[in-house]
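Next up, the structure:
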């Protein structure tokens, strides 16, 4: 197996070969999936479903096998065997081999379902490494780790993910908590739009009369800004005004911009101190 | 003798086929450098309405032009008929610190646009004849 890449998503963690990339993702805690492809083919579908109590695992896997047999009478289905805590079986036909593995994770209370597809020969070591690398975070932990799409972050668990928008060279994660929002952006290919001054870049992104000041982030020169909502409000509603804080920095080793925007109420300022976004080492 | 089949650039082609294909420039395409940007132009087929007297009233351009920014120039220059799409994407990903998939989406969309404008073709792997070394190539765009 080549070098492995750690993926951390919604409190779940697994290691996949570094040439596997996520092409479909879900942000739902109760149900969702991640689909990984290598350069040419889909390799893995990692799906989760919230499940308060331990389900009848043997029956679930048995149902999957029966359904597979019904779909394709000519395929060969192996017996169920174990890799770590996973219950695994393979389905072979002339064209491809599919490995399916199921596991109930009592810590995060989710049923997990992994489907590997091997159109050009099965790589059992990769399967085993991916399955055994799975772990989950303690749901009571105050910090949730996120690592995917070129971002590596520690976000306080009170922030719930609302959406993750991924485009080539541009990633945006939005978190929410009590009508406050936290946005983390990554923008690659910076030399084509970066003028050389982080302050100027941030000033161009924010409202015209926002003051921009210097700071540092991860050892990089950063620009920060703080702006209050300018709408007219009665004095007694002053606490409802929103304040936006921004911090942006340019990571020269990756030629990438990282941008954190946090929006909260003046009366209820959100705590952004524990938000950590790593760019290089 | 080569076998050529012209297919609509929007025809779905599998990703492995695209990655193995070799983008080749239209031999009639000309490059013009202007104010730091590159303009690529290809002559257009002359239609009946491009002749006088209609052309006296509406001066039609004889070329189809596209202005390329710096990343576009990089991809255009890499499309020399020698490198496969996979090699071009790899090089682009390394140069811009992107993942392979990010670079693939960007480069493939750009190549698709150039194909629509008739500036590039993808010379692909012909399954019926074997591989490139057989000398038969199929134009898929």
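Chains as they are written, first to last, in the numbering used here: chain X, 1 to 281; chain A, 1001 to 1141.
The beta-carbon is built from N, C-alpha and C at its ideal position, and this holds for glycine as well.
{"query": "Can you name, in chain order, every residue of its own chain whose Cβ lies under 6 Å from the Cβ of residue 1078/A, other than the five neighbours on each side?", "result": "1088"}
{"query": "With burial defined as no fewer than 16 other Cβ atoms inside 10 Å of the residue's Cβ, what is the status of residue 156/X: buried or exposed?", "result": "buried"}
{"query": "Just the chain X side, please: which residues come within less than 7 Å of residue 1102/A by C-beta, in chain order?", "result": "168 and 169"}
{"query": "Under the DSSP definition of a beta bridge, which residues are partnered with residue 36/X?", "result": "22/X and 44/X"}
{"query": "What are the boundary residues of the beta strand (DSSP E) that residue 1044/A is part of?", "result": "Segment: none, residue 1044/A is in no beta strand (DSSP E) and carries neither H nor E."}
{"query": "Give the interface partners of residue 1015/A over in chain X, defined as CB-CB distance under 7 Å, in chain order.", "result": "40"}
{"query": "Mapping the DSSP letters down to three states, classify residue 1131/A as helix, strand or coil.", "result": "The predicted model places residue 1131/A with a pLDDT of 49, which falls under 50 and marks its position as unreliable, so this point remains unresolved."}
{"query": "Measure from the C-beta of residue 1019/A to each C-beta in chain X and report whether the shortest distance is under 9 Å.", "result": "yes"}
{"query": "When the cut-off is 9 Å and only beta carbons count, does residue 1086/A lie next to chain X?", "result": "yes"}
{"query": "Residue 1104/A lies in the alpha helix (DSSP H); which residues open and close that run?", "result": "1100-1116"}
{"query": "Are the Cβ atoms of residue 16/X and residue 43/X separated by less than 9 Å?", "result": "yes"}
{"query": "Can you give the Cα-Cα distance for residue 140/X and residue 93/X, rounded to whole angstroms?", "result": "44 Å"}
{"query": "Nearest CA to the CA of residue 199/X: which residue from 124/X, 247/X and 102/X?", "result": "247/X"}
{"query": "Can you round the beta-carbon distance between residue 190/X and residue 257/X to whole angstroms, since I take them to be within the 8 Å contact cut?", "result": "5 Å"}
{"query": "Under 9 Å between beta-carbons, which chain A residues line up against residue 23/X? List them in chain order, please.", "result": "1101"}
{"query": "With distance defined between alpha-carbon atoms, name the residue in 170/X, 111/X and 221/X nearest to residue 30/X.", "result": "111/X"}
{"query": "Relative to the C-alpha of residue 225/X, which residue among 27/X, 211/X and 218/X is closest?", "result": "211/X"}
{"query": "Going along chain X, which residues have a C-beta under 7 Å from residue 1068/A?", "result": "Per Cβ cutoff of 7 Å: no residues; residue 1068/A is ~12 Å from chain X at best."}
{"query": "Would you check if the distance between the CB atom of residue 278/X and the CB atom of residue 153/X is smaller than 9 Å?", "result": "yes"}
{"query": "Any Cβ of chain A within less than 9 Å of the Cβ of residue 255/X?", "result": "yes"}
{"query": "May I ask you to report which of helix, strand or coil DSSP gives residue 29/X?", "result": "coil"}
{"query": "Can you check whether the C-beta of residue 1096/A is within less than 9 Å of a C-beta belonging to chain X?", "result": "yes"}
{"query": "Between the C-alpha atoms of residue 117/X and residue 205/X, what's the straight-line distance to the nearest angstrom?", "result": "44 Å"}
{"query": "Pick out whichever of 1086/A, 1030/A and 1071/A has its Cα sitting closest to the Cα of residue 1100/A.", "result": "1086/A"}
{"query": "What does residue 252/X touch in chain A if you count any residue whose Cβ is under 9 Å from its own?", "result": "Those within 9 Å of residue 252/X in chain A number zero; the least Cβ separation is about 10 Å."}
{"query": "By the 8 Å beta-carbon criterion, what residues does the region 1044-1075 of chain A contribute toward chain X?", "result": "1069, 1070 and 1071"}
{"query": "Is DSSP giving residue 1049/A helix, strand or coil here?", "result": "helix"}
{"query": "Step through the CB atoms of chain A and report whether any lies within less than 9 Å of the CB of residue 150/X.", "result": "yes"}
{"query": "Does the region 171-187 of chain X come within contact of the region 261-271 of chain X, defined as at least 3 CB pairs closer than 8 Å?", "result": "yes"}
{"query": "Under the DSSP definition of a beta bridge, which residues are partnered with residue 224/X?", "result": "213/X and 247/X"}
{"query": "According to DSSP, what are the bridge partners of residue 263/X?", "result": "181/X and 244/X"}
{"query": "Determine whether the beta carbon atoms of residue 1042/A and residue 1064/A lie at a separation below 9 Å.", "result": "yes"}
{"query": "Let's test the definition: count the other Cβ atoms within 10 Å of the Cβ of residue 195/X and tell me whether it reaches 16, buried, or not, exposed.", "result": "exposed"}
{"query": "Buried or exposed: residue 136/X, going by 16 or more other Cβ atoms within 10 Å of its Cβ?", "result": "buried"}
{"query": "The beta strand (DSSP E) spanning residue 89/X covers which residue range?", "result": "86-92"}
{"query": "Quick one: residues in its chain with C-beta nearer than 8 Å to the C-beta of residue 24/X, no 5 flanking neighbours on either side, listed in chain order?", "result": "33, 34 and 35"}
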